[in-house]
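Peer 1:
Protein chains: 2
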Amino acid sequence: MNQINSSIKAVQEVEVKNIFFVACGGSLAALSIGDYFIDREISVPSKAYTSNEFIHSNPKSLGKNSIVILRSHSGTTPETVEAAKFAREKGAVTIAISMDTESPLCQAAEYTVHYNYKDGSDVIDGDNGVFYTLVFSILNVLDPNEKYERVLNQLNNLEELFESNRKLTYDRAFKFGEENKREEIIYTMGSGAYYHEAYSFTSCLLMEMLWINSNAIHTGEYFHGPFEITDFDVPFLIIKGEGPTRPLDERAIKFAEKFSNKVEVVDITQLDYSGIDEDLKEYFGPALAGVVLRQYADGLAEHTGHPLSVRRYMWKMDY
Amino acid sequence: MNQINSSIKAVQEVEVKNIFFVACGGSLAALSIGDYFIDREISVPSKAYTSNEFIHSNPKSLGKNSIVILRSHSGTTPETVEAAKFAREKGAVTIAISMDTESPLCQAAEYTVHYNYKDGSDVIDGDNGVFYTLVFSILNVLDPNEKYERVLNQLNNLEELFESNRKLTYDRAFKFGEENKREEIIYTMGSGAYYHEAYSFTSCLLMEMLWINSNAIHTGEYFHGPFEITDFDVPFLIIKGEGPTRPLDERAIKFAEKFSNKVEVVDITQLDYSGIDEDLKEYFGPALAGVVLRQYADGLAEHTGHPLSVRRYMWKMDY
Numbered sequence: 002m003n004q005i006n007s008s009i010k011a012v013q014e015v016e017v018k019n020i021f022f023v024a025c026g027g028s029l030a031a032l033s034i035g036d037y038f039i040d041r042e043i044s045v046p047s048k049a050y051t052s053n054e055f056i057h058s059n060p061k062s063l064g065k066n067s068i069v070i071l072r073s074h075s076g077t078t079p080e081t082v083e084a085a086k087f088a089r090e091k092g093a094v095t096i097a098i099s100m101d102t103e104s105p106l107c108q109a110a111e112y113t114v115h116y117n118y119k120d121g122s123d124v125i126d127g128d129n130g131v132f133y134t135l136v137f138s139i140l141n142v143l144d145p146n147e148k149y150e151r152v153l154n155q156l157n158n159l160e161e162l163f164e165s166n167r168k169l170t171y172d173r174a175f176k177f178g179e180e181n182k183r184e185e186i187i188y189t190m191g192s193g194a195y196y197h198e199a200y201s202f203t204s205c206l207l208m209e210m211l212w213i214n215s216n217a218i219h220t221g222e223y224f225h226g227p228f229e230i231t232d233f234d235v236p237f238l239i240i241k242g243e244g245p246t247r248p249l250d251e252r253a254i255k256f257a258e259k260f261s262n263k264v265e266v267v268d269i270t271q272l273d274y275s276g277i278d279e280d281l282k283e284y285f286g287p288a289l290a291g292v293v294l295r296q297y298a299d300g301l302a303e304h305t306g307h308p309l310s311v312r313r314y315m316w317k318m319d320y
Numbered sequence: 002m003n004q005i006n007s008s009i010k011a012v013q014e015v016e017v018k019n020i021f022f023v024a025c026g027g028s029l030a031a032l033s034i035g036d037y038f039i040d041r042e043i044s045v046p047s048k049a050y051t052s053n054e055f056i057h058s059n060p061k062s063l064g065k066n067s068i069v070i071l072r073s074h075s076g077t078t079p080e081t082v083e084a085a086k087f088a089r090e091k092g093a094v095t096i097a098i099s100m101d102t103e104s105p106l107c108q109a110a111e112y113t114v115h116y117n118y119k120d121g122s123d124v125i126d127g128d129n130g131v132f133y134t135l136v137f138s139i140l141n142v143l144d145p146n147e148k149y150e151r152v153l154n155q156l157n158n159l160e161e162l163f164e165s166n167r168k169l170t171y172d173r174a175f176k177f178g179e180e181n182k183r184e185e186i187i188y189t190m191g192s193g194a195y196y197h198e199a200y201s202f203t204s205c206l207l208m209e210m211l212w213i214n215s216n217a218i219h220t221g222e223y224f225h226g227p228f229e230i231t232d233f234d235v236p237f238l239i240i241k242g243e244g245p246t247r248p249l250d251e252r253a254i255k256f257a258e259k260f261s262n263k264v265e266v267v268d269i270t271q272l273d274y275s276g277i278d279e280d281l282k283e284y285f286g287p288a289l290a291g292v293v294l295r296q297y298a299d300g301l302a303e304h305t306g307h308p309l310s311v312r313r314y315m316w317k318m319d320y
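Heads up: the protein sequence lines correspond to chains A and B, in order. Position in the first sequence (from 1) plus 1 gives the number in this note's numbering. Position in the second sequence (from 1) plus 1 gives the number in this note's numbering.
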């Protein structure tokens, strides 16, 4: 919390002209949820970049009035470390999020926000809790609103909500694994903040960990090209979000269900939100979706006999 | 040109705080190239949205100091028409790009930019020429630079460059079609402005027109999940861009070629740039890439016997 306070103090001290979220893969997807909230809630422009694109495309608006939030689980992702150095040289306020404060990323950035990982501590000190605390604290500094204070308070419920929603969706997730264990391709879909959950599930769980072909399709884009691939035997996992873009998901589900016999709908409004105010559900939904989707991957791992820890390239070679 | 002048005049008359590019599918991909150039060249923030996401997520910074550029080939895409109305109600300067000035989109937006389509007129009056003219005129108004004036002049070479580059890549494109005619999935990759060419090829040509499974992977993201899907028999079509993000593409190509026997590299620096100044090549590359990639789709259509005009849902039902 002291670390977050230092970061927030730094944000308060500059005239913030823009916010950049910079990371790779699953970390980029997680940060993109912050980008979505900033975009929707306040008028400060924000954008998310994969780290190497950020460096090489060199956005003109990056400078001393910029906040650059970077994230890497281990803090060792080379492109993200470079991006932190690059942004810092341009005079931006750099905030690194990682589980390891001694990591190269945390050393490269000016400010560090640490989260706990698998050490038995509460979810609020884990990656979700810490990132939400940072984002909603920034929102509250840039455009104070009692709503954001309530989000910060209600984050204390995350631990129990993760547990209850895991239980709630366990059977369905493992059934999905059984039903889809022979599939060579599974499409995912989502919109709003949930698009990034679909992206993460596609890139990190299906393609990386399970070696199943995939593509995360935005439910608003589905009708503009991708939907022609739909057929009776094409599997889709579609996130039906909690929040303003839900109508996009509903439309895609209605169409996909008409022409495919293999549509799995993960309805985020049906999850347990105990302790969360009605008007705050849309903020908590993406965090809950992440936990639930992870279980769908566990179900596939169980039934394909392909553990999520298996890799053929990562950790085995330089690239 | 009068239409573009009116749009530019409107841009000159507001204090531009941000630029939004709003469309669906292939039109969104085309606009996203403009978003890339704005981002790289000037400090005015810009962002691209699929139309329905734009309306429902309702970005807070949208208002009377916003420029909203919308695009639809026919001008009838319902979400984009709604997005134009939505942006106009918020007081933004709305500019619609379409081949039909009588279309609902052109009626909904305040300013209209028309392009010719398959009527035998020069490329500069077609979708690429007109969009480039608009984007580089806006750049030149917001941050005048002789470079942008040279781009505008050299757009007159597009007609010949499209023709010469079609010839240059014809054999290779049709050979690709022959080699890949039995593939059920073909991944595409790219970065920078070319990421959007990859997205367009994946969504509109492979998935929509050819019913081939695909996913457009950013070459910077490839190493953070998707690369684990790589194997000797997995086909990739990778755009090796002309511009600052080329090193990202080179790295992805090097890895993919090591583990897959089916890597097709489309090297944009090897194209014909006659009449284009060396420092302007990166601006012209994406337009040339689009023309070249279209030919790769023609090659697949020829060898799969699946014409690009076939649809199973579009034009056949309401959705």
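C-beta: ideal position from N, C-alpha, C; glycine also.
Decide if residue 124 of chain B is buried, meaning its Cβ has at least 16 other Cβ atoms within 10 Å, or exposed.
Peer 2: In the second sequence, the residue the question calls residue 124 of chain B occupies position 123. Buried, because 16 or more other Cβ atoms sit within 10 Å of the Cβ of residue 124 of chain B.
Peer 1: Taking C-alpha atoms, which residue in B:194, B:217 and B:303 lies nearest to residue 37 of chain B?
Peer 2: As a position in the second sequence, residue 37 of chain B is number 36, starting the count at 1. Per the Cα distances, B:194.
Peer 1: Between which two residues does the alpha helix (DSSP H) containing residue 266 of chain A stretch?
Peer 2: Start at 1 with the first residue of the first sequence, and residue 266 of chain A comes out as number 265. Note, residue 266 of chain A: premise wrong, no alpha helix (DSSP H); beta strand (DSSP E) at 264-268.
Peer 1: If you follow the beta strand (DSSP E) that residue 47 of chain A is in, where does it begin and where does it stop?
Peer 2: As a position in the first sequence, residue 47 of chain A is number 46, starting the count at 1. First-last of the beta strand (DSSP E) with residue 47 of chain A: 47-51.
Peer 1: Do you know offhand how far residue 235 of chain B's Cα is from residue 186 of chain B's?
Peer 2: The sequence position of residue 235 of chain B within the second sequence is 234, counting from 1. The sequence position of residue 186 of chain B within the second sequence is 185, counting from 1. When rounded, the distance between both Cα atoms is 8 Å.
Peer 1: In three-state DSSP terms, what is residue 15 of chain A?
Peer 2: Here residue 15 of chain A refers to the residue found at position 14 of the first sequence. Coil, per DSSP.
Peer 1: Taking only the alpha-carbon atoms, compute the straight-line gap between residue 259 of chain A and residue 282 of chain A and give it to the nearest angstrom.
Peer 2: Residue numbering aside, residue 259 of chain A sits at position 258 when the first sequence is read from its first letter. Residue numbering aside, residue 282 of chain A sits at position 281 when the first sequence is read from its first letter. Between residue 259 of chain A and residue 282 of chain A, the C-alpha separation is close to 29 Å.
Peer 1: Roughly how many angstroms lie between the CA atoms of residue 89 of chain A and residue 35 of chain A, to the nearest whole one?
Peer 2: To locate residue 89 of chain A, count along the first sequence from 1; it is residue 88. To locate residue 35 of chain A, count along the first sequence from 1; it is residue 34. Rounded to whole angstroms, residue 89 of chain A to residue 35 of chain A spans 21 Å at the Cα level.
Peer 1: Please say whether residue 44 of chain A and residue 62 of chain B have beta carbons closer to each other than 9 Å?
Peer 2: Here residue 62 of chain B refers to the residue found at position 61 of the second sequence. Here residue 44 of chain A refers to the residue found at position 43 of the first sequence. Cβ distance < 9 Å, so residue 62 of chain B and residue 44 of chain A count as in contact.
Peer 1: Since residue 48 of chain A meets chain B, which of its residues come closer than 9 Å, beta carbon to beta carbon?
Peer 2: As a position in the first sequence, residue 48 of chain A is number 47, starting the count at 1. By Cβ distance, chain B contributes 40, 46, 47 and 48.
Peer 1: Any Cβ of chain B within less than 9 Å of the Cβ of residue 147 of chain A?
Peer 2: As a first step, residue 147 of chain A must be located in the first sequence, where it is residue number 146. No, residue 147 of chain A does not count as interfacial toward chain B.
Peer 1: Taking the straight line between their C-alpha atoms, what separation do you get for residue 107 of chain B and residue 10 of chain A?
Peer 2: As a working note, residue 107 of chain B is residue 106 in the second sequence. As a working note, residue 10 of chain A is residue 9 in the first sequence. Going by the C-alpha atoms only, they are around 47 Å apart.
Peer 1: Specify, as a first and last residue, the run of the beta strand (DSSP E) that residue 253 of chain B falls within.
Peer 2: Looking up residue 253 of chain B in the second sequence gives position 252. No beta strand (DSSP E) holds residue 253 of chain B; the alpha helix (DSSP H) holding it covers 247-260.
Peer 1: With the cut-off set at 9 Å, would you say residue 54 of chain B and residue 221 of chain A are in Cβ contact?
Peer 2: Within the second sequence, residue 54 of chain B is the residue found at index 53, counting from 1. Within the first sequence, residue 221 of chain A is the residue found at index 220, counting from 1. Contact: yes.
Peer 1: For residue 99 of chain B, which residues does DSSP report across the bridge?
Peer 2: Position 98 of the second sequence, counted from the start, is the residue given in the question as residue 99 of chain B. Paired residues: B:115.
Peer 1: Who are the neighbours of residue 107 of chain B on chain A, taking C-beta pairs under 8 Å?
Peer 2: By 1-based counting over the second sequence, the position of residue 107 of chain B is 106. Simply none; closest approach about 19 Å.
Peer 1: According to DSSP, residue 67 of chain A sits in a beta bridge with which residue or residues?
Peer 2: Position 66 of the first sequence holds residue 67 of chain A. The partner list for residue 67 of chain A (beta bridge, DSSP) reads A:19.
Peer 1: Quick test of your reading: residue 320 of chain B and residue 224 of chain A, contact by CB under 8 Å. State the CB separation rounded to the nearest angstrom.
Peer 2: As a working mapping, residue 320 of chain B is identified with position 319 in the second sequence. As a working mapping, residue 224 of chain A is identified with position 223 in the first sequence. Contact holds; Cβ gap of about 6 Å.
Peer 1: Of all Cβ atoms in chain B, is any one closer than 9 Å to the Cβ of residue 313 of chain A?
Peer 2: Along the first sequence, one-based indexing puts residue 313 of chain A at 312. Residue 313 of chain A counts as touching chain B.
Peer 1: Check the DSSP bridge columns for residue 307 of chain A and list the partner residues they point to.
Peer 2: Mapped onto the first sequence, residue 307 of chain A falls at position 306. DSSP lists no partner for residue 307 of chain A.
Peer 1: When you compare the CB positions of residue 1 of chain A and residue 238 of chain A, do they come within less than 9 Å of one another, or not?
Peer 2: As displayed, chain A neither begins before 2 nor continues past 320, which places residue 1 of chain A out of reach and without an answer.
Peer 1: Which residue marks the beginning of the beta strand (DSSP E) containing residue 231 of chain A, and which one marks its end?
Peer 2: Here residue 231 of chain A refers to the residue found at position 230 of the first sequence. First-last for residue 231 of chain A: undefined, no H or E at that position.
Peer 1: Determine, for residue 184 of chain B, whether the minimum Cβ-Cβ distance to residues of chain A falls below 9 Å.
Peer 2: Residue numbering aside, residue 184 of chain B sits at position 183 when the second sequence is read from its first letter. Not closer than 9 Å to any Cβ of chain A, the Cβ of residue 184 of chain B fails to qualify, so no.
Peer 1: Can you give the Cα-Cα distance for residue 39 of chain A and residue 14 of chain B, rounded to whole angstroms?
Peer 2: Start at 1 with the first residue of the first sequence, and residue 39 of chain A comes out as number 38. Start at 1 with the first residue of the second sequence, and residue 14 of chain B comes out as number 13. Taking the straight line joining both Cα atoms gives about 28 Å.
Peer 1: At what residue ranges does the stretch 146-173 of chain A contain a whole run of the alpha helix (DSSP H), taking only runs of 4 or more?
Peer 2: 147-155, all fully within the stretch 146-173 of chain A.
Peer 1: Report the option in A:240, A:271 and A:7 whose CA atom is closest to the CA atom of residue 112 of chain A.
Peer 2: Within the first sequence, numbered from 1, the residue matching residue 112 of chain A stands at position 111. Measuring from the Cα of residue 112 of chain A, the nearest candidate turns out to be A:7.
Peer 1: With a threshold of 9 Å between beta-carbons, can residue 199 of chain A be considered close to chain B, or not?
Peer 2: Along the first sequence, one-based indexing puts residue 199 of chain A at 198. So no, residue 199 of chain A is outside the interface.
Peer 1: What does DSSP give as the partner residues of residue 1 of chain A in its beta bridges?
Peer 2: Given a span of 2 to 320 for chain A in the structure shown, any question on residue 1 of chain A remains unanswerable.
Peer 1: Have a look at residue 120 of chain A and residue 257 of chain A and give me their C-alpha separation to the nearest angstrom.
Peer 2: In the first sequence, the residue the question calls residue 120 of chain A occupies position 119. In the first sequence, the residue the question calls residue 257 of chain A occupies position 256. C-alpha separation (whole angstroms): 41 Å.
Peer 1: Would you kindly check if the distance between the Cβ of residue 104 of chain A and the Cβ of residue 67 of chain A is under 9 Å?
Peer 2: Counted from its first residue, the first sequence places residue 67 of chain A at position 66. Counted from its first residue, the first sequence places residue 104 of chain A at position 103. For residue 67 of chain A and residue 104 of chain A, no; Cβs fall outside 9 Å.
Peer 1: Give me the Cα-Cα distance between residue 146 of chain B and residue 231 of chain B, rounded to the nearest whole angstrom.
Peer 2: Start at 1 with the first residue of the second sequence, and residue 146 of chain B comes out as number 145. Start at 1 with the first residue of the second sequence, and residue 231 of chain B comes out as number 230. Approximately 44 Å, taken between the alpha carbons.
Peer 1: DSSP puts residue 191 of chain B in a beta bridge; with which residues?
Peer 2: Taking the first residue of the second sequence as position 1, residue 191 of chain B is located at position 190. Answer by DSSP bridge pairing, in chain order: B:219.
Peer 1: Find the residues of chain B that neighbour residue 77 of chain A, judging by a C-beta separation of less than 9 Å, and give them in chain order.
Peer 2: By one-based count along the first sequence, residue 77 of chain A stands at place 76. Within chain B, no residue comes near residue 77 of chain A; the closest Cβ sits about 12 Å away, beyond 9 Å.
Peer 1: Whole angstroms is fine: what's the gap from residue 271 of chain A's alpha carbon to residue 171 of chain A's?
Peer 2: Counting from 1 along the first sequence, the entry for residue 271 of chain A is found at position 270. Counting from 1 along the first sequence, the entry for residue 171 of chain A is found at position 170. Distance between the alpha carbons of residue 271 of chain A and residue 171 of chain A: 14 Å.
Peer 1: With a CB to CB cut of under 6 Å and the five nearest residues on each side skipped, what residues in its chain are close to residue 249 of chain B?
Peer 2: Numbered from its first residue, the second sequence carries residue 249 of chain B at position 248. The answer, listed in chain order, is 192, 220 and 221.
Peer 1: Alpha carbon to alpha carbon, how far is residue 100 of chain B from residue 118 of chain B? Give it in angstroms, no decimals.
Peer 2: Translated into the one-based positions of the second sequence, residue 118 of chain B becomes position 117. Translated into the one-based positions of the second sequence, residue 100 of chain B becomes position 99. The straight-line gap from Cα to Cα measures roughly 6 Å.
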